[in-house]
Amino acid sequence: MPTRSLFRRLSLINGLVFTAGTLALALSPATVSRTVLQTEIVVLAVGLAGILAINALLVRRSLAPLNGLTQLMQRVDLLSPVTRFPDRGHGDLGHLVDTFNAMLDRLAAERSASSAHALAAQEAERERIARELHDEIGQSLTVVLLGLKRAVDRAPADLLDDLHAVQETVRASLDEVREVARRLRPGVLADLGLRSAMKALCGEFAEASGIVVTTAIGPVPERGADTDLVVYRIAQESLTNVARHADATRVEVTLTESALRIADNGRGGATTAGAGIRGMRERALLIGARLTIDSPPGGGTTVRLDLEGPS
Numbered sequence: 493m494p495t496r497s498l499f500r501r502l503s504l505i506n507g508l509v510f511t512a513g514t515l516a517l518a519l520s521p522a523t524v525s526r527t528v529l530q531t532e533i534v535v536l537a538v539g540l541a542g543i544l545a546i547n548a549l550l551v552r553r554s555l556a557p558l559n560g561l562t563q564l565m566q567r568v569d570l571l572s573p574v575t576r577f578p579d580r581g582h583g584d585l586g587h588l589v590d591t592f593n594a595m596l597d598r599l600a601a602e603r604s605a606s607s608a609h610a611l612a613a614q615e616a617e618r619e620r621i622a623r624e625l626h627d628e629i630g631q632s633l634t635v636v637l638l639g640l641k642r643a644v645d646r647a648p649a650d651l652l653d654d655l656h657a658v659q660e661t662v663r664a665s666l667d668e669v670r671e672v673a674r675r676l677r678p679g680v681l682a683d684l685g686l687r688s689a690m691k692a693l694c695g696e697f698a699e700a701s702g703i704v705v706t707t708a709i710g711p712v713p714e715r716g717a718d719t720d721l722v723v724y725r726i727a728q729e730s731l732t733n734v735a736r737h738a739d740a741t742r743v744e745v746t747l748t749e750s751a752l753r754i755a756d757n758g759r760g761g762a763t764t765a766g767a768g769i770r771g772m773r774e775r776a777l778l779i780g781a782r783l784t785i786d787s788p789p790g791g792g793t794t795v796r797l798d799l800e801g802p803s
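Numbering (the numbering used here), first residue to last: 493 to 803.
Structure below.
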């Protein structure tokens, strides 16, 4: 550790200085007797040892904040709430501690601002794509369906089966486009609120994935559109991860006034944070919430979002 190296260097320098001073005192004519007596050497050695011990204790106490700062620097994670270094009497290092805490505050503020900007741009892009899917591609597919219907009405009997098959394919594609657009822009969230949007999300997920979903969605307080969107997106991403990676047959979704919890009975062992988990952590930080993921191998995965309170 750098702090320990600094402590050893200071102690060594001070020790050499004290030892040289003691030797000079012992060998100089200013000693009690011109010839150094054995008892005097013992006294000087004991005194030197005492001086070195006291010096080492004082130096270690003075450098203790540096060791704490080093450990905190190693733990700092910009995707987790920043922990400031305790601001209590640090002597001459107090200014360094204050400067370090101010740096952490600036990093947290810049992280929050950049994350908010990036996520706002992401939501705007989602809305744009959803609108184009619904208005452009959706309408184009609708026109194709109408044209196929006219073709079916005039087609000979030997072509009807083929045209009906094409109709069903186009109709299924139109449904998929509309479903993608709904996932990109959850209109039910803005129209009916978080509780209804969560119920709709769980129902759609169960129908699409075949995984049994147990829900316990209670009344939720008004927290604002931003918080509702964060909770919805984290639930959406968690369920997507369950469908893609968990190999689960059952998932429980619980939403209370203070927390969102999504637990599956899959294989667990999610040790690496991909883009999806990173995005969930960034969203949680935007609203001052705490996201934890517990995923023991073979024990399923539990995602929990703890909310601080109504905003």
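All C-beta atoms, glycine included, are put in the ideal place defined by N, C-alpha and C.
In the DSSP assignment, what residue or residues form a beta bridge with residue i?
i	result
Glu744	Thr706, Ala755
Thr784	Arg796
Where does residue i fall in DSSP's three states?
i	result
Thr793	coil
Arg597	Sequence check: residue 597 is Asp here, not Arg. Looking at Asp597 - three-state DSSP - the assignment turns out to be helix.
Thr523	In this predicted model, Thr523 has a pLDDT of only 49, less than 50, meaning its place in the structure is not dependable enough to derive any value.
Gly761	coil
Ile779	coil
Ala647	coil
Val712	coil
Arg603	helix
Glu749	coil
Arg620	helix
Arg677	coil
Gln630	The residue asked about is misnamed: residue 630 is Gly in this sequence, not Gln. Helix at Gly630.
Gly542	helix
Gly768	helix
Phe510	helix
Leu504	helix
Please list the terminal residues of the continuous alpha helix (DSSP H) segment that includes residue i.
i	result
Arg736	Unbroken run through Arg736: none, as it is neither H nor E.
Glu696	686–701
Check whether chain B comes within 7 Å of residue i, counting only Cβ atoms and requiring the distance to be less than that.
i	result
Val538	The structure shown contains no chain B; it holds only a single protein chain.
Quiz item: Would you say the segment 636–643 touches the segment 682–693, given that touching needs at least three Cβ pairs under 8 Å?
Solution: no
Quiz item: Hey, is the segment 725–733 in contact with the segment 707–715, meaning 3+ C-beta pairs nearer than 8 Å?
Solution: no
Quiz item: When the Cβ atoms of the segment 659–672 are set against those of the segment 622–633, are three or more pairs found closer than 8 Å?
Solution: yes
Quiz item: Does the segment 746–766 come close enough to the segment 789–796 that 3 or more CB-CB pairs lie under 8 Å?
Solution: yes
Self-check item: Inter-stretch contact at 8 Å, needing at least 3 Cβ pairs: the segment 604–619 / the segment 667–677
Solution: yes
Quiz item: If we count Cβ pairs, one from each stretch, closer than 8 Å, do we get three or more for the segment 690–705 versus the segment 741–751?
Solution: yes
Quiz item: Touching or not, the segment 649–660 and the segment 591–601, by the rule of three or more beta carbon pairs under 8 Å?
Solution: no
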